[in-house]
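Following: one structure in C-alpha cells, then a few remarks.
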Amino acid sequence: MIAVKNITKKYKDRTVLQDISFTVDGGEFVCIAGNSGAGKSTLIHALIGATKTDNGEIEVDTYKVSALNPEQIQEYRRKIGIVFQDYKLLPKRTVFENVAFALQVAGYDDEFIQKRTAEVLKLTGLEDHRNNLPHELSGGERQRTAIARALVHAPELLFADEPTGNLDPENTEALAKLLLKINKGGTTIILATHDKDVIGMIKKRIITLDNGRLVSDKRGTNF
Ligand SMILES: Nc1ncnc2c1ncn2[C@@H]1O[C@H](COP(=O)(O)OP(=O)(O)OP(=O)(O)O)[C@@H](O)[C@H]1O
Ligand SMILES: [Mg+2]
10 MIAVKNITKK YKDRTVLQDI SFTVDGGEFV CIAGNSGAGK STLIHALIGA
60 TKTDNGEIEV DTYKVSALNP EQIQEYRRKI GIVFQDYKLL PKRTVFENVA
110 FALQVAGYDD EFIQKRTAEV LKLTGLEDHR NNLPHELSGG ERQRTAIARA
160 LVHAPELLFA DEPTGNLDPE NTEALAKLLL KINKGGTTII LATHDKDVIG
210 MIKKRIITLD NGRLVSDKRG TNF
C-alpha cells in the first residue's frame, strides 16, 4: 500500500530525513517513533504530499506522491484521512457539521450524509455531542471530532501526527483504543508520536527515527 524508497530531505545544509526506505501493507498499524526533532512530522508531511523530498520516491497505492502536481495532491488528499495535534475544527460549526462538511463539499445527498455522519459519530463516541460547538467540548472530544472528520469519507489510510499531544493520560488511552478499533475495522494507520506510553498501548509495528535516520523497524512491545 505504501512504498517509501530512499527519501532524503534537507533544510539548507541540515539533513532531517536520511535515506529512509520502508513499505507498509494494507491493514497495518505503524507507529513512527523517535525523539523531538527526529523527523517524524517531516516524514508524515512527505507521505501526505505536503513536503517535497530532495531524493527518492513515495508511492501510496497508485499515487506517486513524490511527483504529484498540486491538483493531483488535492485528489490524493481526498482519498486519505489526516489528523493533527491541533484539531483545526471550524469554530462556528457543530460537531455534526464539522464531520459532515467534507461530504457536503463532495456533493453527496442529504440522506447519505445524515447516515454516514451518524455512523462515524457513533464509532468515535460523539453521538451525545453532535450539536455542540468545538469550544463546548473537552480536548479528548475535540480530537475525536477531528478523527471522525478524517474518517467520514471512509479512507483506507489514516495518517495521524501526535494526535494525543494535547490530551491527559485518560483521554490518551481512550484515543489509543479508538485508533486500534479503527484499525481493526480495516483502516491502515500511520501514527507519528514521541509518546512511549501510546506506543506501548498500541503494541504494533514500530519504526523508530533518530536524527533523520531509520534506526529500527520492529513489531510488538519492545520499544
Ligand atoms: N520548515 C522547516 N525549516 C527548517 N527546519 C525544519 C523545518 N521543519 C522541520 N525542520 C527541522 O527538521 C527536524 C525534524 O523536524 P520534525 O518536525 O520532523 O521532528 P519531529 O520528530 O516531528 O519532532 P516533534 O516530536 O517535536 O514533533 C527538526 O530539527 C526541525 O527543526
Ligand atoms: Mg512532530
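Using the numbering used here, you'd call the opening residue of the sequence shown number 10 and step up by one each time.
C-beta: ideal position from N, C-alpha, C; glycine also.
Based on DSSP bridge pairs, tell me the residues matched to residue i.
i	result
Y20	R23
I198	F38, L167
V92	A169
V33	I11
L52	In the DSSP output, where bridge partners are listed per residue, L52 has none listed.
V69	I11, Y72
S225	T217
Taking 7 Å as the cut-off, decide whether the C-beta atoms of residue i and residue j are in contact.
i	j	result
T217	V207	no
I211	L167	no
I191	A42	no
G90	P164	yes
N64	T32	no
D170	S50	yes
T24	G221	yes
R75	E84	Note on identity: in this sequence residue 75 is Ser, with Arg being the wrong assignment. No. Outside cutoff.
K213	F38	yes
Q94	G149	no
- Task: Specify whether the segment 137-150 and the segment 84-102 touch according to this definition: at least 3 beta carbon pairs, one from each stretch, less than 8 Å apart.
- Result: yes
- Should the segment 153-160 be regarded as contacting the segment 73-87, the criterion being three or more beta carbon pairs within less than 8 Å? no
> Taking one C-beta from the segment 10-21 and one from the segment 177-191 each time, how about it: are there three or more such pairs within less than 8 Å?
Replying inline: no
- Go through the segment 76-147 residue by residue and report every complete run of the alpha helix (DSSP H) that reaches 4 residues or more, in order. 79-88, 104-114, 119-132
Item to check | Around ligand 1, Cβ to any heavy atom closer than 5 Å, ordered along the chain | outcome: Y20, V25, S45, G46, A47, G48, K49, S50, T51, H203
With a cut-off of 8 Å, do at least 3 Cβ pairs link the segment 52-59 to the segment 118-134?
no
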